[in-house]
Amino acid sequence: MRYGRTVAVDDLTFTVKPGLVTGFLGPNGAGKSTTMRAVLGLEVPQAGEALVDGRAYVSLRRPMRTMGALLDAGAVHGGRTAHAHLACLARSNGIGAGRVSAVLEQVGLTAVANRRIRGFSLGMKQRLGIAMALLGDPATLMLDEPLNGLDPEGIRWLRGLLRSLAGEGRTVLLSSHLMNELALTADHVIVIGRGRLIADTATDALAGHFQGDVLVRASRPDRLAALMRERGAAVTAEDGGALSVRGLTAAEIGVLALSAGIALAELSPRAASLEEAFMRLTGDSTEFTGNKGVGR
Amino acid sequence: MIDVIASEWLKLRSLRSNLYLLACSLAAVLACAGIAFMIGRGFDNQTPEERLAFPTNGDGLGNGIAVAYFVFALLGALAITSEHATGMIQPSLVAVPRRQVLLLAKIPGVAAVALVAGQVLAFAMHAASMAVLGDRAGQLLRAGVTLGTPLSEPGVLASVIVAGLSMAAVALIGLGVGAAVRSTPGALVVLTVLIVVLPVVARTLPMPLRARAGSFMIENLPLQIAGTGGGSLPPAVAAGLLIGYVVAALTAGATVIALRGRRIRALAIGVTTAVLVMAAPAVAADTPGAGAGALRWGGCADKDADKGADRGEGKGAGKGLVKDLRCASIAVPVDWSRPYGRKIELTVGLLPATGVHRRIGTVFAVPGGPGGSGVQDLSTNAGSFAELRDRFDVVSVEPRNTIDKGVLPYDCLVSGPWITWPETREEYAELGRRNRAAAERCRAADPEFFDHMDSASVARDMEAIRVALGEERLSFITNSYGSMPGIAYSRLFPERVRAMVFDGAANPYVDRARGRLPHEESFGRFAAWCARASTCALRGQDVGEVWRALVARADRVPVPVKGESPRAAYSGLDIKEAAAPSVISPGPAPDFPRWTQLAEAIARAVGGDASGFAGYVRQSTNSLKVPSFTGMNMTHCLDGMGLRDYDEYRELRRQGERLLPNLAGIELWHPLACVGWPVAATNPPAPLPAGKLPPYLAVGSWTDFGGGADLVRPIPGSGGVQYLGHGHGLYNAGNSCVIAHVNRYLISLRPAPMGTVCPGPAT
């Protein structure tokens, strides 16, 4: 799949399985959205196919009942009420009005159901988009960056929702460019970069790759660094005498420092961004940075 | 698909902006009312004659329809461009991934809203225009339509309904354009060009091109579909074009959508269909009207340039022919009972339709006389036909009995014997011998041709012209004696008559003396005017008394013409025959020059000198007394105008003297010219097949309306319009009120009811 001379997604094959929440990972511009658009028939690949339950999405008569999708929560007509917006889409797939009210309830928008969408916050629009995906009570859900714009409560709610949906045996695919978002949600991750598949594996298996580091400021940094290295940690010095530690948890470092009688000024675990982790995974960062933004 | 359609309907309904947009369409009603108001104001400031020349406001929609189209086009365009603008297209395509289905599903909703709103709007626009015009709407115009045309007029209900339908079509065009352009501003630009810019550009083109280009504009299609005007396309073609525009726009939209989704199947089919639908009207529009038949039209030879002076006709002589007059030649058999026998050539004249409106057909202007040249008449009276030509070709002919055809000697035909008043059987026989000798002198050159100058042969020539024109049916305006070929045509080819107007008709059925009663009335008007008018030589006298005494004395002792032979002395009948044309045609008010001239001639004749009459008679006939023209008699006598015998003559004369105190005898003047005629009547009066004929219309003045009115009365649905004034040949003379009624009838086939009048000149 190309945009002009840029290849956005190239030779990408993977399968998303039911009963699991599958994370779809990749830095900005990796081709996540393009892949999802290809699944929905919004883009037509030069070669290959995307199938839902073994069928092309565009060949489905009432596709929303097979797969619910959310691409861009902002892509709605602001002049309609939330209810009308969902009712229009529901009607096209033969979904009754009762279901519209039910999903509005499910995403917590009942109170604003009859308000025009143009007054909605990003988070409310995100919930509306999720409501749309849920309309057809589909066995498969495909959500592009659904956590964007949600407040912490919203994120927790969505995680719970997605887990329970997967628990019902549904197939759930959600994309993100932030590992930490997915680490707590996804059972399985698919990682792509520059349009190619990089990893297709259980989240736990990726943990090593994607573990963050711990920032440590200590009274005797050299001593502590030596102790930690003895325990197998990778330690690098940072500006202002801080240490970046990988291979030990913050708790292990705290115990180690205490036993050595070293005072700690700061001990903070830092989550690795997916992009950072991804760069390490591929060992190729400079070229990619130049292509940032393409394909979204 | 039903679900998707329902969904699109919900989308349309759930946007309040669409409601506001529809409300904006009320601006179209305001535009209609506003312009109707301006028209009404302008109209009030005109003279009655100028009002008749006003352009019609028609069904009243034309002034606002562009506004309505713009709103509906926007409604259709926004149905898709708003999805692109807001991004809504994305969830829409997720819900309905088949792109063409999404576009097609928008059609029913947009169409339904526009159909209903379009009808409401169209009728509101019509009602607003008519209400603002008020009573003025009923003013009949020279163009043959009223200033405002109500729904009861033929085709108007259809034109308003179709205008409403066209708004739905425009909404779909907007949808197609929106789908193709995918942006609201872009669609606005394209639609502005289609709905506003192109029609304005078309109106600035020079004439033949303007009419042709205008015919293709969307705003002009409803009238053409309804068949009430708007352009030159036939209804079916105009309807095809409107559908073609919709198909083309939707195909363009579907093409762009398909290209986005790379599904190019079905595309070729759509494009091909659109091209075909568009090509059909283009082909049909180029089908020429008149001239499709066997006639080859070219310039006209101007006979009058060299002969006009000899004929003594001032009309058109030397002035040349109007420049858009076309002529063609047609060969017809001299004797229609031998169709493969000898042929003669007749010149056919054509004032072609202007192309402003669709050509309804051909109007045949049948000249009077007998023997008048219809081609010359077309040229002389071209101004009278100006409005008619917006819808008709107008043709006429130099009929076979035109006296300057060159087959029979012109000088012989243009003169003839003086008619005397036979008092005995012997004098009657003597008149017959004189008539026969004069006829034989002219006949000798070509007896076969001379014997086939009847109006039925003229009618068969007209039928040959119809066939050559390729017309299914013809409409006719017969002038004066042209009614005789008109009657013959109605009898011979009733199914070929679309419409027939008798203007100042000669009537072969009417009781001869009774037919001259209007002349007596005119004589009364003359006498009344004369008694009062300072310019009248008989002022203060009892003009009737003076006149009757003069006539009675002249019948006993003819009044000599000073300086001429005693043969030229005027009998009572000679005086009446010389006076009659002046009595019924006094000339323009308030001077009435011919009445003034007549009064002087009478006064001088009372004094014993008839040179007052002889003077103006010689001017127009080259003869001291009115001769019985052989050129007219050869048709009159074959048409059965003659008398059976002396006894019938006596009987009719008695009747005339009883009914016509002042002018008795003039009704027998033409019949007496047929006494002793060498050829028997071949086209005697016979009843019209009234049941097989469409409604006819008679028009005429005080003096010549009666004949035509009697002719059409037996024909169901016929009507009549009388001009309350003097004159003969009112349509040709350019009488606007008569032209308005005649044109209205020829367009709508609804004659004004009998009893309709046109006001005479203000006195």
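Those sequence lines, one after another, are chains A and B.
Position one of the first sequence corresponds to residue 2 (the numbering used here), numbered consecutively onward.
Position one of the second sequence corresponds to residue 947 (the numbering used here), numbered consecutively onward.
Heads up, the beta-carbon is just placed ideally off N, CA and C, and yes, glycines get one too.
Remember, it's a predicted structure, so these values are computed and weren't measured experimentally.
- Boundaries around B:A1274 are those of the beta strand (DSSP E), R1272 to P1279, since no alpha helix (DSSP H) includes it.
- A:R92 reaches chain B at D949, A952, S953 and L956, counting residues in chain order whose Cβ is nearer than 7 Å.
- For B:P1539, the enclosing alpha helix (DSSP H) starts and ends at P1539 to V1552.
- When DSSP assignments are scanned along the region 1310-1362 of chain B, the uninterrupted stretches of alpha helix (DSSP H) that are 4 or more residues long and fall wholly within it turn out to be 1320-1326 and 1356-1359.
- Residue nearest to B:A1626 within the set B:G1416, B:H1582 and B:D1656 is B:H1582 (criterion: CA-CA distance).
- Look at A:L61: its C-beta is under 9 Å from a C-beta on chain B.
- For A:L175, the uninterrupted beta strand (DSSP E) run begins and ends at T172 to S177, by DSSP.
- Beta bridge pairing from DSSP links B:K1289 with B:P1279.
- Within the region 1407-1484 of chain B, complete alpha helix (DSSP H) segments of at least 4 residues are found at 1429-1438 and 1463-1478, given in chain order.
- Here the region 973-984 of chain B makes contact with the region 1067-1085 of chain B; the two share three or more CB pairs at distances below 8 Å.
- Listed along chain A are H78, G80 and R81, each with a C-beta nearer than 8 Å to that of B:L961.
- Contact between B:V1108 and B:I1026 does not hold, since their C-beta atoms are separated by about 26 Å, which reaches or exceeds 8 Å.
- Taking a beta-carbon distance threshold of 9 Å, B:G1033 counts as an interface residue toward chain A.
- Minimum Cα-Cα distance from B:I1203 among the listed residues B:G1637, B:G1124 and B:A1157 corresponds to B:G1124.
- In the structure shown, A:G137 adopts coil according to DSSP, grouped into three states.
- Here B:K1351 is buried: its Cβ has 16 or more other Cβ atoms, across all protein chains shown, within 10 Å.
- Residues of the same chain with a CB within less than 8 Å of the CB of A:R230, apart from the 5 flanking positions on each side, are V236 in chain order.
- Taking 4 residues as the shortest admissible run, the region 1155-1207 of chain B contains the following complete alpha helix (DSSP H) segments, listed from N- to C-terminal end: 1167-1172 and 1181-1207.
- Chain order gives the chain B residues near A:G75 as G1033, where near means a beta carbon separation below 8 Å.
- Contact between B:P1316 and B:M1578 holds, with the beta-carbon distance rounding to 6 Å and staying under 8 Å.
- Out of A:R92, A:D201 and A:V104, the CA that lies nearest to the CA of A:L13 is found in A:D201.
- By the CB criterion at 9 Å, B:P1697 and B:G1665 fall inside the cutoff.
- Residue contact check for A:M125 against chain B: no CB pair falls below 9 Å.
- According to DSSP, residue pairing for A:F25 in a beta bridge involves A:S176 and A:I191.
- Contact between B:A1644 and B:G1654 holds: CB atoms are separated by about 3 Å, below the 8 Å threshold.
- Counting along the chain, the unbroken beta strand (DSSP E) around A:R218 starts and ends at D214 to A219.
- Going by DSSP, B:G988 is part of the alpha helix (DSSP H) stretching over L972 to D990.
- Taking 9 Å as the CB threshold, B:S1028 lines the interface with chain A.
- In this structure, DSSP gives B:S1129 a state outside helix and strand, which the three-state scheme calls coil.
- Of the candidates B:A1332, B:M1399 and B:R1513, B:M1399 places its Cα closest to the Cα of B:I1290.
- The C-beta of A:L135 comes no closer than 9 Å to any C-beta of chain B.
- For A:A187, the closest of A:R197, A:G196, A:G194 and A:L175 by C-alpha to C-alpha distance is A:L175.
- Exclusion of the five residues before and after B:G1175 leaves L1169 and H1303 as the residues of its chain whose Cβ lies within less than 6 Å of its Cβ.
- One finds L43, L72, D73 and A76 in chain A with Cβ atoms closer than 8 Å to the Cβ of B:Q1036, taken in chain order.
- The continuous beta strand (DSSP E) containing A:R271 extends over residues L265 to R271.
- Under the 10 Å beta carbon count, B:M1587 is surrounded by 16 or more other beta carbons and is classified as buried.
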